[in-house]
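Going line by line, the protein sequences match chains A, B and C.
Okay, so the first sequence: first residue is 194 according to the numbering used here, each after it adds one.
Okay, so the second sequence: first residue is 355 according to the numbering used here, each after it adds one.
Okay, so the third sequence: first residue is 261 according to the numbering used here, each after it adds one.
Ideal Cβ positions, reconstructed from N, Cα and C, are used throughout, including at glycine.
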Amino acid sequence: MTVSWFENWLSLLFMPLLLTGLVNRVKSLWSGRRGPPLLQPAYDVLKLLRKSPVYSATTTPLFRIAPWVFLATACASALVVPLCGLRPIASFPFDFVWFAYVWALGRVAIVLAALDTGSAFEGMGAARESTFSTVLEPVLFLVAAALCSRAGTHTLHVALRFEADGAVLLRVCAVLALLIVLQVEASRMPVDDPSTHLELTMVHEVMVLDHSGADLAAIQLGAAIKLFVGTSMIAALLNPWAAAGGALGLAANLALSALVAVLLGTIESLVARLKLRSVPNYIGIALGLGAMALLLGAWGAVSAP
Amino acid sequence: MSLLRSLRVRLSQGTPYIGDVRTAVPEGFRGLPILAETPCGACRACVEICPTQALAAAPLGLDLGRCVFCAACEDACPHGTIQFTPEPKLGAGRREDLLLTAGNSEPLRVKASATFARLFGRSLKLRQVSAGGCNACELELNAVVNVNFDAQRFGIEWVASPRHADALVVTGPLTRAMQEAIRAAWDAMPEPRFLVAVGACAISGGLYREATETDRTFFESVGPSLFVPGCPPHPLTFLNALLDFLGVDA
Amino acid sequence: MPSFLLSVPLLVVGALLAVGLRSNRASAVVALATQAGACLLVLLSVGPPLFGGGAIELLWPWPPPITTIPFRVDALGAFFLSWSLPMTLLGTLYAVGYLRPSFASGRQGGTHFALLNLVALSFVLIYSVQNALVFLLGWEVAAVAAWLLVIWEYRSQKIRFAGFNYLVSTHVGLFVLVAAFMLLHSKTASMDFASFGSFLQRPSPARGTIFLLLGVAFALKSAFFPFHTWLPRAHAAAPAHVSALMSGVIHKAGLFGFLRFTLLMGRPEEWMGWTVLIFGLLSAFFGVLYTSTQRDLKRLLGYSSTENVGIAALGFGLGYLGWSWGVPALGLLGFAGGLWHVLNHAIFKCLLFYAAGAVYRAAHSVDLERLGGLAKRLPRTAALFLIGTLAGSALPPFNTLLSEFIIYMGLLSGQGPSPEANVVLVVAAAGLAFVGAVSALSGARAFGISFLGQPRDDRVPVGAEPPGSMLVPMLCHAGLALACGLAPQLGLNMVRSSLGLFPFFTPLELERVLAPLAGLVYASRLLALFLLVAGLVRWRQGLAARRGPTWGCGYQAGSPRMQYTGSSFSEHFSRIFDSCMPALRRERIASEIFPQQPGQLATHHADAVEQRIFEVLARGEDAVTEVSERIPGQPRFAFAAGLCALLIIGAIAWESFR
């Protein structure tokens, strides 16, 4: 499949907000509500763009630039991932290193904006966010290295492609580890509650308490894009019709993405948030899965015909 | 497996949300009072007995903004002129619209605001400030987003920070202790924004209108755009008032 | 072309003049002028070896028994010289502004500037000389000059102790180095690096011992874990530009020595590569852990140096492994990444120390728990510190990401000889990712707590922005950080010829392994462009927006003391690694419900290695005291001991005369 700028940007425009809307819809259905329409996140973002922001006098210009850095890094990370199974716009060997570090830049921007307000709550969210991400970084590298050694390539989108080569356990470990990564990065349960209003239980929510207007819209968009990127990675790993390409592959990928969103919404509805001190242990599970995937990949590469 | 069990429980619950909030009328609710044209003997029994002086005689009038819906007037009236119906739609966009006169029978409908309908028609985020009330209004407002009323299906939601909010929803008579806090909350909101007064205490001071700790200067400087009477108002009152204000069709 | 050695007398003359002149301004001008001259001379001379030409060889005649001192500037020496001297010059320029308040109150700065000249001189010697004795001389000059520079504020006992600690540690390293040279001398009967090289190339049992001795010596110099204990104290005590030069330039001499002997040694054994790799990973790991919990900005930056030399050693270890396995790609990636990381680290570390110095000059404190809101009062310093922090955490679009990317490429390439080796390399890459994430946490903490928010302590004075002489070096370093990130050829061209010294180097292979870098740079450039445009637009748009206080949930009694402090920020993280980082917690918290007195709570993270060293030393001292107390108390014991000693001496004497 040739690189298609148009299709990639089109999916980046619609899918993130749709997926977020789907997760919210699933949560509503589980609780017995009818729930907001699927496009509600889009309506929220459009409304926010028309509000004129208020800035705290404690903040510096960094505060109003940081949300756009976050959005830019989310888009930059989307450049190397197979969105909806499409071939990414810019891919090069070892692009998953770029992926991880660009997400780190976005995270540092939001953390600095939170510290900029001089508010105790936001500092709390910034500290928690930074701590979780330190334990999370190695997971991505372990999983990517495992998939790369199996696929014999170093480019992310090629490594993520599903191959019917019998490495089922490796793929399962990779998918589970990536799911935990997604839960942490997209602030989902059981790591973080995106709809809580209690400061003691917030991680991402509390960092954006002081943003308003277009800045808040940028942050929500960026978060939605990160969710979409993570979901695309998992869907690509599970899609057996990816090689066939065309409409069947795309439809399967979209169905799998929807399935992952439904799964996230279901976990969020049925599982309580973990105790804060236990979250690094939960991420440790992802580390273990990544390590197992790595060992399977390393020895599998030798024993493969 | 617990997932299957949860699914079974969920399916057994059916659909607990009210399908059409625009036409739902809650059973047993003391809502819109109907003032009959006749007979009223101007005996002033209702005027004397009303705890918030919400009634006026000759001509008969009832200020819904002061009414605490205790129905003492209904019991006191020898002619049965005042009748409370279960109709929940009571919101108004102007304070004077809450002054009921004899012969009213239509539920109150709020006139849609042109600017706000365009901006917030599909997405409205609310921030609640409780300014010294008894917490009954707050409980009802909490219920607006539960599984029965499900305000989120209209894009209406409570948010934690006024920076994220479009409207400030105030309950309670506004005490002196809450002056700075409520001023801070309003100042923190980005434009365009509006104020909603919910409950008899917020609209007129309610039972605490004459109290020494009540300080309603905030409402004098920032006028509410929407009034939701009740003591406490039903979630349907609040929801219908908002939906009318935003021009959302039934 | 005049010989680069002319810079030596030039610098000496400059040093003597600086000491002799009365006026501080004249000393400064003389020092700057002579250093600039030396810089120019050296850069012109080492240009050819640096960019592909042959090495410069010189022989300096000297009275016997040395007879001649051989100098040889090959690509590696040229690489180190090309940035060491200019950065020392920038440091001297910075000193002019930084020390102005001291000069105004009457201190004589002549000696200080002379010492800076001597530091530059030591570089010329260390990086070019081929004789072990002159190498040790240069090493010693650098150590003593650095020590004297560190104790600028000698009136404080704490600073004197820190300086003494540094002096002792650096001389322990010197002794180990002397031991290694003595061992080599005994095998080769010469003091020449060339003959050392020919001995080391042949396999022999002493090769491993010499490798370890040299490794320990250079590890002590470059502050690897666990030989780093002197570094945080010295950095906290020294003036900012001395810390910058020590961290960024002087201690890189250790890495240079390591690489020089790598080249002399020839093809290493596999265990050497694993040792270096694991050692580097440990340094990076522990360095960054300590960085995340320090409350003194300069100590924080000192530990960050340990972390970064660990990353460079990670690259070198990878290079060693590639060389020993016969996989040129790994060797090239490892050494290219490691060498370039050395340069990148010098660039951003000097910038960070300069900015910390500007903070100290304005606020007279570098304690994170007392600072806050400095960005409002020192906007230029804040912007430069931010650039340094982002570069230090290896974030795009700055330079450090590129050198770390090269190391990642090697670790994740899967080109090891066995799956076990590949797995270990990938685990090392995951460790590097962890180190990167923690350094992002530390950087955000250091910048966020000190520059953002509100001032945490009202007693901290409000100062002014640093003067031009301090801003210019900072701007140069910041510009370099950005330029090298967007145009990597700037850095790579300097490193390329050094790579050519390795026998497995081929230009085609280097181009092939570095090819993915182009994709990364392209993406970085796009990102930088977008960030620039978005930043400018948002900055302008926000100027007219409404302002108000930070939303604090309507709480009316808030104070700046309620903000998150540095220790709160890293508390959760440090608790996870409790076993590696002992935390000292001092608290006096009232137990009654309505306390009448304010309470106190302070957390300090002490260096575990330093604590252990002092513990062991104390116990050893106790043991010695115990033993020595016994001896006088029992005369028969003393008599017997004396008799034994006489017997042994007599036996040795009889043996030697037989």
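Spell out a yes or no on whether the region 339-359 of chain A and the region 475-489 of chain A are touching, meaning 3 or more CB-CB pairs, one atom from each, closer than 8 angstroms.
-> yes
Proximal residues of chain B, C-beta to C-beta of GLY808/C below 9 angstroms = Here residue 808/C refers to the residue found at position 548 of the third sequence. The answer, in chain order, is ALA538, ASP541 and ALA542.
How is ASP717/C classed by DSSP in three states: helix, strand or coil?
-> For the purposes of this step, residue 717/C is taken as the residue at position 457 of the third sequence. Three-state result, ASP717/C: coil.
How is GLY373/B classed by DSSP in three states: helix, strand or coil?
-> The residue labelled residue 373/B in the question sits at position 19 within the second sequence. GLY373/B falls in the coil class under three-state DSSP.
Please list the segments of the beta strand (DSSP E) lying wholly inside the region 197-285 of chain A, counting only runs of 3 or more residues, in order along the chain.
-> Runs found: 247-249.
Where the alpha helix (DSSP H) containing ASP334/C begins and where it ends = Taking the third sequence and counting its residues from 1, one reaches residue 334/C at position 74. Taken as a continuous stretch (DSSP letters only), ASP334/C belongs to no alpha helix (DSSP H), as it is neither H nor E.
Taking Cβ positions, are GLY526/B and GLY553/B nearer each other than 9 angstroms?
-> In the second sequence, residue 526/B corresponds to position 172, counting from 1. In the second sequence, residue 553/B corresponds to position 199, counting from 1. Yes. Within cutoff.
With DSSP collapsed to three states, give me the class of GLN533/B.
-> Taking the first residue of the second sequence as position 1, residue 533/B is located at position 179. Looking at GLN533/B - three-state DSSP - the assignment turns out to be helix.
DSSP three-state call for ALA446/B: helix, strand or coil?
-> In the second sequence, counting from the first residue as 1, residue 446/B sits at position 92. ALA446/B falls in the strand class under three-state DSSP.
Check whether the Cβ atoms of VAL441/B and GLY434/B sit closer than 9 angstroms, and answer yes or no.
-> On the second sequence, position 87 is the one that residue 441/B refers to. On the second sequence, position 80 is the one that residue 434/B refers to. First, the amino acid is wrong: residue 441/B is Glu here, not Val. Contact: no.
Just reading off the beta strand (DSSP E) that TRP512/B is part of, what are its end residues?
-> Against the second sequence, residue 512/B aligns to sequence position 158. Start and end: 510-512.
Residues in the region 243-256 of chain A with C-beta within 9 angstroms of chain C's C-beta atoms, listed in sequence order?
-> Within the region 243-256 of chain A, the residues whose Cβ lies closer than 9 angstroms to some Cβ of chain C are SER245, PRO246, VAL247, TYR248, SER249, ALA250, THR251, THR252, THR253, PRO254, LEU255 and PHE256, listed in chain order.
Closer than 9 angstroms to chain B by CB, GLN801/C = Taking the third sequence and counting its residues from 1, one reaches residue 801/C at position 541. For GLN801/C, the answer is no, since every Cβ of chain B falls outside 9 angstroms of its Cβ.
Can you list, in chain order, the residues of the region 514-527 of chain B whose Cβ is nearer than 8 angstroms to any Cβ on chain C?
-> SER515, PRO516 and ARG517
Distance, PRO657/C Cα to ALA788/C Cα = Along the third sequence, one-based indexing puts residue 788/C at 528. Along the third sequence, one-based indexing puts residue 657/C at 397. Approximately 6 angstroms between the Cα atoms of the pair.
Could you give the distance in angstroms between the alpha-carbon of SER482/C and the alpha-carbon of HIS488/C?
-> For the purposes of this step, residue 482/C is taken as the residue at position 222 of the third sequence. For the purposes of this step, residue 488/C is taken as the residue at position 228 of the third sequence. Straight-line Cα distance between these residues: approximately 8 angstroms.
Three CB pairs or more closer than 8 angstroms across the region 387-399 of chain B and the region 411-421 of chain B | Output reads yes: the region 411-421 of chain B touches the region 387-399 of chain B.
Going straight from the alpha carbon of SER344/C to that of ALA778/C, what length do you get?
-> Counting from 1 along the third sequence, the entry for residue 344/C is found at position 84. Counting from 1 along the third sequence, the entry for residue 778/C is found at position 518. About 28 angstroms.
Should GLN749/C be labelled buried (16 or more other beta-carbon atoms within 10 Å of its own) or exposed?
-> By 1-based counting over the third sequence, the position of residue 749/C is 489. Per the 10 Å Cβ criterion, exposed.
Straight-line CA distance for ARG798/C to MET730/C?
-> For the purposes of this step, residue 798/C is taken as the residue at position 538 of the third sequence. For the purposes of this step, residue 730/C is taken as the residue at position 470 of the third sequence. Cα to Cα, the separation comes out at about 30 angstroms.
In chain B, which residues lie less than 7 angstroms from GLY814/C when you measure between Cβ atoms?
-> Locating residue 814/C in the third sequence gives position 554, counting from the first residue. Simply ALA535, ALA538 and ALA539.
Per-residue contacts from ASP504/B into chain A (C-beta, under 8 angstroms) = The sequence position of residue 504/B within the second sequence is 150, counting from 1. The answer, in chain order, is SER221, ARG226, ARG227 and GLY228.
Could you tell me whether the region 509-520 of chain C touches the region 378-387 of chain C, using the rule of 3 or more Cβ pairs below 8 angstroms?
-> yes
Whole-angstrom distance between HIS350/A and GLY423/C, CA atom to CA atom | Taking the first residue of the third sequence as 1, we reach residue 423/C at position 163. Taking the first residue of the first sequence as 1, we reach residue 350/A at position 157. If I take the Cα positions, the gap works out to 54 angstroms.
Under a CB-based cut-off of 9 angstroms, is LEU239/A close to chain F?
-> Judged by its chain identifiers, the structure shown contains no chain F, and its protein chains are A, B and C.
Which listed residue (PHE581/B, LEU522/B and ALA551/B) has its alpha carbon closest to that of ASP541/B = Looking up residue 541/B in the second sequence gives position 187. It is LEU522/B.
Under 9 angstroms between C-beta atoms, does GLU567/C make it to chain A?
-> Numbered from its first residue, the third sequence carries residue 567/C at position 307. Chain A, which has no Cβ nearer than 9 angstroms to the Cβ of GLU567/C, makes this no.
Same chain, Cβ closer than 6 angstroms to LEU523/C, neighbours up to 5 away in sequence not counted | Translated into positions along the third sequence, residue 523/C becomes position 263. Correct list, in chain order: LEU761.
Does the beta-carbon of ASN217/A have 16 or more other beta-carbons within 10 angstroms, so that it is buried, or is it exposed?
-> For this step, residue 217/A is matched to residue 24 along the first sequence. Here ASN217/A is buried, its C-beta having at least 16 other C-beta atoms within 10 Å.
For GLY316/A, which of ARG559/C, PRO463/C, THR660/C and THR810/C has the nearest alpha-carbon?
-> Position 123 of the first sequence, counting from 1, holds the residue named residue 316/A. Ranking ARG559/C, PRO463/C, THR660/C and THR810/C by Cα distance to GLY316/A puts THR810/C first.
Check the DSSP bridge columns for LEU453/B and list the partner residues they point to.
-> Within the second sequence, the letter at position 99 stands for residue 453/B. According to DSSP, which records beta bridges pairwise, LEU453/B is partnered with ASP417/B.
Within 9 angstroms (strictly less), CB to CB, does TRP492/A reach chain C?
-> The sequence position of residue 492/A within the first sequence is 299, counting from 1. True, the Cβ-Cβ gap to chain C drops below 9 angstroms.
From this set, SER462/A, LEU242/A, TRP223/A and ALA367/A, which residue's C-alpha is nearest TYR427/A's C-alpha?
-> For the purposes of this step, residue 427/A is taken as the residue at position 234 of the first sequence. Sequence inspection shows Ile at residue 427/A; the Tyr mentioned does not correspond to that position. Closest by alpha carbon: ALA367/A.
For the putative contact between THR660/C and GLY652/C, defined by C-beta atoms under 8 angstroms, what is the C-beta separation to the nearest angstrom?
-> Counted from its first residue, the third sequence places residue 660/C at position 400. Counted from its first residue, the third sequence places residue 652/C at position 392. About 7 angstroms; that satisfies the 8 angstroms criterion.
Short CB-CB distance (under 9 angstroms) between GLU330/A and chain C | Residue mapping note: residue 330/A aligns to position 137 of the first sequence, counting from 1. True, the Cβ-Cβ gap to chain C drops below 9 angstroms.
C-beta neighbour in chain A for VAL605/B, strict 9 angstroms = Outside the modelled stretch of chain B, which goes from 355 to 604, sits residue 605/B, for which no answer is possible.
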